[in-house]
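S.K.: Be aware that the first sequence starts at 954, since it is given in our numbering, and climbs by one per residue.
Glycine included, each C-beta is placed from N, C-alpha and C at the ideal position.
First, the structure itself, so that you have it in front of you.
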Amino acid sequence: MDQNGLQPDINDLMKRRIEELNELRSNNFEPFAYSYDVSNYSQEIKNDFEKYESKDVSIAGRIMAIRRMGKASFAHIQDQQGRIQIYLRKDEIGESYTAFKLLDIGDIIGVSGFVFKTRTGETSVHVKSMTLLTKSLRPIPIAKEVIDEEGNKVVYDQFTDKELRYRQRYVDLIVNPEVKDVFIKRSRIVSEMRAYLDNAGYLEVETPILQPLYGGAAARPFVTHHNTLDLNYYLRIADELYLKRLIVGGFDGVYEISKDFRNEGMDRTHNPEFTMMELYVAYKDYIWMMELVENMVNHLCKKVFNKTEFEIEGHAVKFEGSWARVSMVEEIRKITGIDVLTASRSEIYKAAESHGADVKGDESKGKLIDELFEVTVQPNLIQPTFVIDYPLEISPLAKKHREKEGMVERFEGFVVGRELCNAFSELNDPVDQKERFQGQSVMREEGDEEAHQIDNDFVRSLEYGMPPTAGLGIGIDRLVMLLTNQSSIRDVILFPQMKPEK
RNA sequence: GGGCGCGUAGCUCAGUGGUAGAGCAUCUGCCUUUUAAGCAGAGGGUCGGUGGUUCGAGACCACCCGCGCUCACCA
C-alpha cells in the first residue's frame, strides 16, 4: 500500500481518478453507495423492446463506453446480462450531469429513465436520474465492440494477455463476455448433473478431503500437516474408497462432486486441483453404467445446450442414443495385428515403441497394453465411444472380468480422442482386493510413486460385504472443456492454479 | 525437465544498429440522438533485468527473470 492506500502500481490514470473521487465527495456525490433498486436487466429490455418502450426502468451496471457530446452524452453500461446504451442530457438531470462528467469507464452507476430507440435504431434508456454506485479507481483494459455490416461482433484491442486474464479473472470476466458464458455453462452442467443423479434417487454425500491414507487412483498426492495430532495428512486424489465404504454401509447409490488434488505437472489438461464426479450404485455392473453415462450426458446436452450435436475441434459429435462399444483388445488387434492377451510382454513393448509410445521397458504388461492403446486406438475415437475391458494390473480396484482372463470389467468413455469417464464393476472380493493392494505395494517398493497405498480399513469394510456395485468417475473440467469447446483446462476453471505473483 | 516463441505507454501493437512510435484509453477546449462519435490540442516510457559488442543498442551477443505454446508424465 502506498500513501494513498492503494496498491503500489498506481499510475497517473489512477491518480486522476482519485482526484475525481475527491471532487465527487466534495460535491456531495457519495462514490461508494449502499444499494440500488434494479427493475430490469439489459437483455430483457433489448429482447422485448415493444413491451418496454416508453416505460420507466431502473438498471445498474458498469460503464463500458462513454461518448460525450457537450451537454448530452451516450454511454454503454454492462450488467450481468450484457450491455445497453443510456442517454443523458444536462437540461434533464442537472447536477448529476456535472457528476457524470467526473465518471470514467469502469465506474458502476444506477440509472432510471424510459426506454426508447435512437435514430440509428439502438434500444436505449433515456436517463431521468443517475446515481453513482461505485467509483472505479483502476482502469480496465478497454476493448471496443462494434457490430459490422454482416451482424458479427468485432472487438478491437481485446484484453488477451493470458497470464493477466487468469490472475485477474475479475477483469477477464468484465471485458470478455464469452468467458462469462463458459462459466455459466459450467455451472449449469454441474447443476443438471446433480439434478439427474438426485432424480435417479442417488444420495449426494461428502467424504474427507484430508486423508491419512490416499487412494482410489494412481497419482502423487499433496501432503499437509495436522498440528495438534502432529501427523501428516494427504489431500485426496479420489473419493472412491470412501464412497464404496458407504455402499457397504447400506446406501444403494451415492455420489460426490468434489475437488481432488494431484501433485503432478500442470498443462492444457491438468490443474493441480480439479473437479470430479464419482458415482457408485449397488447391484449394478459396468454394462449398466454405460447406459447411465449415455443418458446423463444426453440429458446435460439437452438441458444446458438445447442440442445433442456439438462442433468439437472441427468434428461434428453427437451425444445421442447408444455410444459405440469396442473392446480394447480387439481395437488394438485391428490396428497392430497383435493379440495382447496372448502376446508376450516384450512383443507388446516392441509394438508400443514402434508406434511411438514413450516406454522405458520396465512397465508391467498391463501398462504397456495401455500405452499401446493410447498411441494407436485412442486418437481415432472421435464419436462418443466406450472402450471396454482393461488389463488387471492397471486397475487394482476393478472386478475381474467374468470371462476374460487377466482382464477387469472396466470401461472408459472417449470423445474426439479424449478420455471423458472411467468406470468399472467394483471389486468387492476382500481377499482379491487385499492381494491387489499387496501387488501395488510391491510396485511402490520398486519405485512407482503412483502405486496405490494399502488401505486396510477399506479391505475391512469389504470383509463385511459390499454388494455388487458399479462405479463411475467423470472429470467435470474435461466434460466442460468438451461441451464448451475449450482447449485449455484453465479456460474452464475460474481461478486456475498459477505460480505466485513475483 | 526438453524444444519453439514472447516481454516496448493503462490496453492492443509497430519499430531489423542512428532523436521512443501508432490506435484506443487519459487530460484541455468545442459539440443536446452518438455509437470504434467527431474536430483541435496536450500529457504519459527503467523498451523485463544484468553484463557485453559498438562511436552509437529497444534492436546484436551472453546470462538471468517472467509468461505462453508444445513434448514428456498424468485425469
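Taking its Cβ as the centre, do 16 or more other Cβ atoms sit within 10 Å of V1064, making it buried, or is it exposed?
M.R.: The residue is buried, with at least 16 neighbouring Cβ atoms inside 10 Å.
S.K.: I'd like to know whether the C-beta atoms of K1008 and V1068 end up nearer to each other than 8 angstroms.
M.R.: Cβ atoms of K1008 and V1068: closer than 8 angstroms.
S.K.: Consult DSSP for Y989 and reduce its assignment to one of helix, strand or coil.
M.R.: Correct three-state label for Y989: coil.
S.K.: Let me know the secondary structure DSSP gives S1065 once reduced to three states.
M.R.: S1065: strand per DSSP, three-state reduction.
S.K.: Using three-state DSSP, classify S1440 as helix, strand or coil.
M.R.: Correct three-state label for S1440: coil.
S.K.: Starting from I1162, trace the alpha helix (DSSP H) both ways and give me its first and last residue.
M.R.: Taken as a continuous stretch (DSSP letters only), I1162 belongs to no alpha helix (DSSP H), as it is neither H nor E.
S.K.: Where DSSP assigns a beta bridge to N1185, which residues make up the other side?
M.R.: H1178, per the DSSP bridge assignment.
S.K.: Would you check if the distance between the CB atom of K1271 and the CB atom of Q1331 is smaller than 8 angstroms?
M.R.: Against a cut-off of 8 angstroms, the Cβ pair of Q1331 and K1271 comes out as no contact.
S.K.: For D955, which three-state DSSP category applies?
M.R.: Interpretation of D955 is limited by its pLDDT of 40, a score under 50 that renders its predicted location unreliable; the figure taken from the coordinates is listed afterwards. If DSSP states are grouped into helix, strand and coil, D955 belongs with coil.
S.K.: Please state whether DSSP places M1146 in a helix, a strand or coil.
M.R.: It is helical.
S.K.: Alpha carbon to alpha carbon, how far is Y1236 from G1424? Give it in angstroms, no decimals.
M.R.: Taking the straight line from one Cα to the other gives about 11 angstroms.
S.K.: Pull up the distance between the alpha-carbon of H1308 and that of F1326, whole angstroms please.
M.R.: Roughly 10 angstroms between the two C-alpha positions.
S.K.: For H1079, which option in Y1005, E1157, C1374 has the closest C-alpha, if you only look at C-alpha atoms?
M.R.: Selected option, being the one with the closest Cα: Y1005.
S.K.: Would you call the segment 1152-1164 and the segment 1369-1381 touching, i.e. three or more CB-CB distances under 8 angstroms?
M.R.: The answer is no - the segment 1369-1381 does not touch the segment 1152-1164, with fewer than three Cβ pairs under 8 angstroms.
S.K.: Going by C-alpha to C-alpha distance, which of R1021, A1296, T1329, G1426 sits closest to D1311?
M.R.: The residue with the shortest Cα to Cα distance from D1311 is T1329.
S.K.: Thinking C-alpha only, which one of T1338, S1211, S1077, R1141 is nearest E997?
M.R.: The candidate whose alpha carbon is nearest that of E997 is S1077.
S.K.: In this structure, how does DSSP classify G1319 when only helix, strand and coil are distinguished?
M.R.: Three-state DSSP puts G1319 in a helix.
S.K.: What does the alpha-carbon distance come out to for the pair S979 and D1151?
M.R.: Between S979 and D1151, the C-alpha separation is close to 56 angstroms.
S.K.: Does the distance from the CB of H1029 to the CB of A1018 come in under 8 angstroms?
M.R.: Yes, the pair counts as a contact, with Cβ atoms nearer than the cut-off.
S.K.: Helix, strand or coil for V1270? Go by DSSP, reduced to three states.
M.R.: Here V1270 sits in strand by DSSP.
S.K.: Determine, using beta carbons only, whether Q1121 and E1075 come nearer to each other than 8 angstroms.
M.R.: Result no, Cβ atoms of Q1121 and E1075 do not sit closer than 8 angstroms.
S.K.: Relative to the C-alpha of I1200, which candidate in D1183, V1234, Y1187, T1177 has its C-alpha closest?
M.R.: The shortest C-alpha separation from I1200 is found at V1234.
S.K.: Note down the Cα distance separating S1299 from I1407, rounded to an integer number of angstroms.
M.R.: Straight-line Cα distance between these residues: approximately 29 angstroms.
S.K.: Shortest alpha-carbon distance to S1049 belongs to which of I1061, G1066, T1084, R1036?
M.R.: Measuring from the Cα of S1049, the nearest candidate turns out to be T1084.
S.K.: H1252 lies in the alpha helix (DSSP H); which residues open and close that run?
M.R.: Note, H1252: alpha helix (DSSP H), 1239-1253.
S.K.: Distance, Cα to Cα, A1148 vs W1241?
M.R.: If I take the Cα positions, the gap works out to 20 angstroms.
S.K.: Tell me whether R1363 is buried or exposed, calling it buried when 16 or more other Cβ atoms sit within 10 Å of its Cβ.
M.R.: So R1363 counts as buried.
S.K.: Looking at C-beta atoms only, is the number of pairs between the segment 1129-1143 and the segment 1427-1437 that lie closer than 8 angstroms three or more?
M.R.: Yes, the segment 1129-1143 is in contact with the segment 1427-1437.
S.K.: In whole angstroms, what is the alpha-carbon distance linking N975 and I1446?
M.R.: Spanning the two alpha carbons is a distance of roughly 38 angstroms.
S.K.: Output the boundary residues of the alpha helix (DSSP H) element that contains E1416.
M.R.: Taken as a continuous stretch (DSSP letters only), the alpha helix (DSSP H) holding E1416 covers 1409-1417.
S.K.: So, are the CB atoms of V1246 and G1366 less than 8 angstroms apart?
M.R.: Yes. Within cutoff.
S.K.: Only counting the same chain, and skipping five residues up and downstream in sequence, which positions put a Cβ closer than 6 angstroms to that of F1263?
M.R.: Closer than 6 angstroms at Cβ, skipping near neighbours: V1270.
S.K.: If I'm right that P1165 touches L1188 with Cβ under 8 angstroms, what's the distance once you round it to whole angstroms?
M.R.: Incorrect: roughly 12 angstroms between the Cβ atoms, too far for contact.
S.K.: What is the residue span of the beta strand (DSSP E) that R1015 lies within?
M.R.: Taken as a continuous stretch (DSSP letters only), the beta strand (DSSP E) holding R1015 covers 1009-1022.
S.K.: DSSP state of Y1302, grouped into three classes?
M.R.: Helix.
S.K.: Name the residue from F1002, T1113, T1222, F1027 whose alpha carbon lies nearest to the alpha carbon of D1057.
M.R.: Checking every option, the nearest Cα to that of D1057 belongs to F1027.
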